[in-house]
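Trainee: All letters in the sequence shown, in the order written, are residues 2 to 158 by the numbering used here. The structure is given below, and queries will be raised subsequently.
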Amino acid sequence: FIVRLPLQDRASTPELTRRTPAIAPAPRLSGVGVLVVEDEADARDLIRTVLEQLGAGVITAASADEALAVLDRERLDVLLSDIEMPGMDGYRFMRTVRERPAHLGGRIPAAALTAYARPEDKAAAIRAGFQLHLAKPVQPAELAAVVSSLAGRTPGD
Numbered sequence: 002f003i004v005r006l007p008l009q010d011r012a013s014t015p016e017l018t019r020r021t022p023a024i025a026p027a028p029r030l031s032g033v034g035v036l037v038v039e040d041e042a043d044a045r046d047l048i049r050t051v052l053e054q055l056g057a058g059v060i061t062a063a064s065a066d067e068a069l070a071v072l073d074r075e076r077l078d079v080l081l082s083d084i085e086m087p088g089m090d091g092y093r094f095m096r097t098v099r100e101r102p103a104h105l106g107g108r109i110p111a112a113a114l115t116a117y118a119r120p121e122d123k124a125a126a127i128r129a130g131f132q133l134h135l136a137k138p139v140q141p142a143e144l145a146a147v148v149s150s151l152a153g154r155t156p157g158d
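Have a look at this one:
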């Protein structure tokens, strides 16, 4: 049995349907050091891959305690942290970070990455010391824009 489908003539396709919308390119993150704190290995690896493809230097941690140890030895530009983690959750982790001196990460710009997307969840993240709250799943372009903004980059950097 054979199915034949007619091909649409491109000449009869209206101009509007042939245009592709302009999409802003993702910002380059060369020279930006990012700490990603995420207990789920797949999510952690995906975030790392996206950021590394844009040129960021990425260090990952599977727990808040591991992340605090990283901040003891590394000077980074941006912190991305999950909220729901075993042991110390992201809110407590961020409050602990904010109590540290600046040279140990106490003033690092930070965004919360969480499945909790209610207004009260966002408010709790801001109260804990995060500058931004991103609901999962986060799109790569949004992630790149947030890291760029937190790192103080301007378009074209």
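Even glycine gets a Cβ: it sits at the ideal position worked out from N, Cα and C.
Between residue 93 and residue 66, what straight-line distance do the alpha-carbon atoms span, to the nearest angstrom?
Mentor: If I take the Cα positions, the gap works out to 11 Å.
Trainee: What residue range is occupied by the uninterrupted beta strand (DSSP E) comprising residue 58?
Mentor: 58–62
Trainee: Can you look up residue 125 in the DSSP assignment and give me helix, strand or coil?
Mentor: helix
Trainee: Are residue 98 and residue 72 close, meaning C-beta to C-beta below 9 Å?
Mentor: yes
Trainee: Measure the Cβ-Cβ separation of residue 148 and residue 52 and say whether it is below 9 Å.
Mentor: In this structure, residue 52 lies closer than 9 Å to residue 148 by Cβ.
Trainee: Please report how far the alpha carbon of residue 132 lies from the alpha carbon of residue 83, in whole angstroms.
Mentor: 14 Å
Trainee: Report yes if the CB atom of residue 36 is closer than 9 Å to the CB atom of residue 80, and no otherwise.
Mentor: yes
Trainee: By Cβ distance, which residues of its chain are closer than 7 Å to residue 125, with the 5 residues on each side in sequence left out?
Mentor: 92
Trainee: Candidates 54, 96, 47: which alpha carbon is nearest residue 110's?
Mentor: 96
Trainee: Taking the Cβ atom as the reference point for each residue, do residue 39 and residue 63 lie within a distance shorter than 9 Å?
Mentor: yes
Trainee: Would you report the Cα separation of residue 49 and residue 43, rounded to the nearest angstrom?
Mentor: 10 Å
Trainee: Following the continuous beta strand (DSSP E) through residue 33, name the residue where it begins and the one where it ends.
Mentor: Taken as a continuous stretch (DSSP letters only), residue 33 belongs to no beta strand (DSSP E), as it is neither H nor E.
Trainee: Extract the residue ranges of the beta strand (DSSP E) inside the stretch 50–94, only unbroken runs of 3 or more that lie entirely within it.
Mentor: 58–62, 79–83
Trainee: What are the start and end residues of the alpha helix (DSSP H) that includes residue 151?
Mentor: 141–151
Trainee: Under a Cβ-count criterion, where at least 16 other Cβ atoms within 10 Å of its own Cβ denotes burial, should residue 140 be classed as buried or exposed?
Mentor: Label assigned to residue 140: exposed.
Trainee: So is residue 129 buried or exposed if we call it buried at 16+ other beta carbons inside 10 Å?
Mentor: buried
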